[in-house]
Amino acid sequence: MTATKLPKTRTGRILPARRTLVVVTGLGLAGLAVLAGLAGTVSERVMAAAPVVSVPGGKKSFPAATGYGATSVGGRGGRIIYVTTLADSGAGSYRACVTATGPRVCVFRVSGVIRFTQRPPWITSPYLTIAGQTAPGGGITLAHGGGRNGLTPLVIKDTHDVVVRGIRVRNDRIGGNREAEDSITIEKSSRVVIDHVSASWARDELINGYDDNDEITISNSIFAWGIPRHDKCALLASDPVDKQKLSFIGNLCAHNGDRNPDINFPKGSCVEVINNVLYNAYSEFAEVWESYGGSPVSIVGNSFIAGSNTTALSRGVARETQGSTGMASIYLWDNAFHGNFKHVSPEVVPAQIQQAPCPLTVQPMSASAAYDAVLARAGAFPRDAIDKQAVADVRNRTGRIGEPVPAIPTPAPGTAYVDDDKDGMDDAWERANGLDPARNDAWSDKNGNGIENFEEFLSYREKGFGL
Ligand SMILES: [Ca+2]
Ligand SMILES: [Ca+2]
Ligand SMILES: [Ca+2]
Ligand SMILES: [Ca+2]
């Protein structure tokens with residue numbers, strides 16, 4: 001076969017004959033120590049040039065925000081609304097905060113499980129920040145009560161500019177009439193950030209983008225243990241209408257049979273799957289679909305790691321051509337594969353492209369550095385028993401899909417910081433930083449560095465968790 005007869009990708013940018021074998025050699029000593037004793041290789045076939053990075057401009061949601069959602073306004077400049085009860089509804093409830101209108105920030109004065117006994121609240125009004133980092137003790141977990149209202153606990157729908165950070169969403173398994181549900185659904189919304197969130201025990205995806213979303217970031221989160229036999233990490237788009245920009249960065253998917261993640265977007269989309277740790281898939285890790293025109297996607301610096309449910313037939317990067325309406329454009333760079341499975345499935349090769357479909361929004365870490373970072377810092381802090389178990393399972397290559405069946409851990413109680421001026425910031429921290437503990441100065445910028453006092457306070461809280 002001559003080179004001129006080899007099939008080109010749709011973009012015509014590369015011929016399979018130009019494939020080269022690149023062995024990932026970027027493991028530092030720490031990474032090697034962590035990976036010591038693993039079966040399998042740390043290698044990858046790629047036929048690609050190093051990625052181009054272009055960090056988007058504009059004011060970030062918070063200093064560490066990354067990805068296409070990073071300029072979400074969230075609740076900046078808005079009301080500080082206290083959550084003072086774990087009750088489903090009423091004054092001081094989470095429901096009252098998220099269903100209020102206008103720019104607003106939910107600040108938690110309690111810790112524990114907020115269990116919805118009615119249909120969980122939908123977030124449909126824009127300019128909202130859920131600041132789980134403010135909670136005392138062990139933080140906040142959203143759950144549902146099973147039965148007729150055992151529905152997706154966190155729904156962001158028909159809205160924009162929503163930032164959700166530092167909470168857990170743990171569907172409960174109780175109740176006999178539960179409908180299929182996600183842990184988190186983002187539907188027909190734009191400029192949404194899900195960051196340092198943990199989700200488990202959904203009967204559909206742990207996180208699911210549905211319909212016409214755009215400018216979405218899902219970062220630094222833990223999605224572990226969907227419920228068999230529909231145990232799925234992330235369906236990044238379902239039934240997309242228009243092209244989308246979406247970033248999936250620094251997450252852990254653990255103990256989910258497939259959709260780790262699932263990628264099915266129209267042409268012209270910018271989709272990036274960067275620096276994630278993907279553990280113990282059964283049928284598939286990442287799946288790239290073509291039923292909406294052939295997804296363009298950059299899959300960069302991820303670790304694909306076999307667990308006890310992974311078999312020699314499991315696929316690391318898969319291309320799904322059922323209902324194809326156009327070939328996908330798949331850019332692979334610096335991914336690490338550990339264990340005996342089909343690392344890059346053969347059907348992927350004709351769809352591989354030499355350069356990322358869109359410039360990456362972040363400078364990627366090496367897969368091994370990302371592995372360490374994700375295991376150290378992903379999820380909601382302080383970590384609860386489920387996240388600790390998920391992370392330990394990755395480190396030890398232990399655990400199984402669907403097991404164990406835990407009770408939802410009850411976050412430890414704690415005492416909220418003193419905040420007599422009710423601006424959401426600890427008055428002692430205010431004094432230490434020259435702010436006014438007798439006045440709401442959440443949205444001014446005392447030190448003139450371009451970051452509002454309240455966002456600086458949230459960063460301080462996160463440092464207290466070791467983040
Ligand atoms: Ca779903
Ligand atoms: Ca204060
Ligand atoms: Ca103040
Ligand atoms: Ca500042």
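Note that the UniProt record's numbering has the sequence shown beginning at 1, numbered continuously upward.
Positions of the beta carbon are idealized from the N, C-alpha and C atoms, including for glycine.
Can you give me the C-alpha to C-alpha distance between residue i and residue j, rounded to a whole angstrom?
{"i": "Val83", "j": "Asp258", "result": "36 Å"}
{"i": "Gly323", "j": "Tyr292", "result": "9 Å"}
{"i": "Tyr460", "j": "Glu347", "result": "47 Å"}
{"i": "Asn449", "j": "Glu456", "result": "10 Å"}
{"i": "Leu394", "j": "Ile123", "result": "It should be pointed out that residue 394 corresponds to Val in this sequence rather than to Leu. The straight-line gap from Cα to Cα measures roughly 33 Å."}
{"i": "Ile207", "j": "Gly434", "result": "41 Å"}
{"i": "Phe223", "j": "Lys342", "result": "23 Å"}
{"i": "Ala376", "j": "Ala64", "result": "16 Å"}
{"i": "Trp201", "j": "Asn256", "result": "10 Å"}
{"i": "residue 499", "j": "Lys60", "result": "The requested residue 499 does not occur in the structure, where the chain is confined to residues 1 to 467."}
{"i": "Val300", "j": "Glu272", "result": "8 Å"}
{"i": "Gln363", "j": "Gly294", "result": "25 Å"}
{"i": "Ala442", "j": "Pro103", "result": "13 Å"}
{"i": "Ile227", "j": "Asp204", "result": "8 Å"}
{"i": "Ala321", "j": "Leu313", "result": "The question names Ala, but residue 321 is Thr in the sequence shown. Using only the alpha carbons, I get a separation of about 18 Å."}
{"i": "Ala254", "j": "Ala281", "result": "7 Å"}
{"i": "Val169", "j": "Leu142", "result": "5 Å"}
{"i": "Ala407", "j": "Ala385", "result": "10 Å"}
{"i": "Lys463", "j": "Thr325", "result": "47 Å"}
{"i": "Pro404", "j": "Trp289", "result": "31 Å"}
{"i": "Gly399", "j": "Leu278", "result": "14 Å"}
{"i": "Ser54", "j": "Ser72", "result": "18 Å"}
{"i": "Ile218", "j": "Cys233", "result": "12 Å"}
{"i": "Pro382", "j": "Ile130", "result": "16 Å"}
{"i": "Ile263", "j": "Leu235", "result": "7 Å"}
{"i": "Asn309", "j": "His196", "result": "26 Å"}
{"i": "Asn220", "j": "Arg319", "result": "25 Å"}
{"i": "Ser247", "j": "Asp421", "result": "37 Å"}
{"i": "Arg315", "j": "Pro240", "result": "25 Å"}
{"i": "Ile216", "j": "Lys157", "result": "13 Å"}
{"i": "Pro266", "j": "Gly75", "result": "30 Å"}
{"i": "Ser368", "j": "Tyr94", "result": "38 Å"}
Leaving out five residues before and five after residue i in sequence, what residues of the same chain have Cβ atoms less than 8 Å from its Cβ?
{"i": "Gln118", "result": "Asp88, Ser89 and Asn149"}
{"i": "Arg431", "result": "Pro437"}
{"i": "Gly37", "result": "Confidence at Gly37 is low in this model, with a pLDDT of 31, below 50, so its placement is unreliable and the value that follows should be read with caution. Contacts found: none."}
{"i": "Pro413", "result": "Ser111, Gly112, Pro136, Gly137 and Gly138"}
{"i": "Val52", "result": "Gln355, Ala356, Pro359 and Leu360"}
Where does residue i sit, in a helix, a strand or coil, going by DSSP?
{"i": "Trp201", "result": "coil"}
{"i": "Phe62", "result": "coil"}
{"i": "Pro51", "result": "coil"}
{"i": "Ala306", "result": "coil"}
{"i": "residue 482", "result": "Outside the displayed range of the chain (1 to 467) lies residue 482, so it cannot be described from this structure."}
{"i": "Leu360", "result": "strand"}
{"i": "Lys342", "result": "strand"}
{"i": "Trp429", "result": "helix"}
{"i": "Leu458", "result": "helix"}
{"i": "Gly316", "result": "strand"}
{"i": "Asp372", "result": "helix"}
{"i": "Ala296", "result": "A small correction: the amino acid at residue 296 is Pro; Ala does not occupy that position in the sequence shown. Correct three-state label for Pro296: strand."}
{"i": "Gly464", "result": "helix"}
{"i": "Asp441", "result": "coil"}
{"i": "Arg395", "result": "helix"}
{"i": "Gly31", "result": "Per-residue confidence for Gly31 stands at a pLDDT of 35, beneath the threshold of 50, marking its modelled position as unreliable; the derived number appears in the next sentence. Correct three-state label for Gly31: helix."}
{"i": "Val83", "result": "strand"}
{"i": "Ala412", "result": "coil"}
{"i": "Gly450", "result": "coil"}
{"i": "Glu215", "result": "strand"}
{"i": "Arg377", "result": "helix"}
{"i": "Ala367", "result": "helix"}
Going along the chain, which residues of its own chain have a beta-carbon closer than 6 Å to the beta-carbon of residue i, five neighbours each way excluded?
{"i": "Cys270", "result": "Lys245 and Cys358"}
{"i": "Gly379", "result": "Ser198, Ile222 and Asp387"}
{"i": "Ile140", "result": "Phe108, Gly132 and Ile167"}
{"i": "Asn276", "result": "Asn251 and Asn302"}
{"i": "Tyr417", "result": "Asp426"}
{"i": "Ile274", "result": "Ile249, Val300, Gly301 and Pro364"}
{"i": "Val391", "result": "Leu375"}
{"i": "Glu452", "result": "Trp443 and Asp445"}
{"i": "residue 473", "result": "As displayed, the chain neither begins before 1 nor continues past 467, which places residue 473 out of reach and without an answer."}
Excluding sequence positions up to five away, which residues of its chain have a Cβ less than 7 Å from the Cβ of residue i?
{"i": "Trp429", "result": "Phe457 and Tyr460"}
{"i": "Ala33", "result": "Its pLDDT being 31, under 50, Ala33 is placed unreliably by the model, and the measurement read from it follows with that caveat. For Ala33, where only same-chain residues beyond five positions count, there are no Cβ hits under 7 Å."}
{"i": "His160", "result": "Pro126, Ser189, Ser190 and Arg191"}
{"i": "His144", "result": "Arg115, Phe116, Pro120, Gly150, Leu151, Pro153, Asn171 and Asp172"}
{"i": "Cys97", "result": "Ile81, Val83, Arg104 and Cys106"}
{"i": "Pro409", "result": "Asp384, Ala385 and Ile386"}
Continuous beta strand (DSSP E) assignments of at least 3 residues falling wholly in the segment 96 to 167: Counting only runs that start and end inside the segment 96 to 167, the beta strand (DSSP E) elements of at least 3 residues fall at 104 to 108, 112 to 116, 128 to 131, 140 to 144, 154 to 157 and 160 to 165.
Inside the segment 224 to 287 only - beta strand (DSSP E) runs reaching at least 3 residues: Whole beta strand (DSSP E) segments, 3+ residues: 232 to 238, 245 to 249, 252 to 254, 270 to 274 and 277 to 279.
Contact set, ligand 2 heavy atom to C-beta under 6 Å: Listed by chain position, these are Asp419, Asp421, Asp423, Met425, Asp427, Glu430 and Pro437.
Beta carbon shell of ligand 4 at less than 7 Å from a heavy atom: Applying a distance threshold of 7 Å between residue Cβ atoms and the heavy atoms of ligand 4 selects Asp445, Lys446, Asn447, Gly448, Asn449, Gly450, Ile451, Glu452, Asn453 and Glu456, given in chain order.
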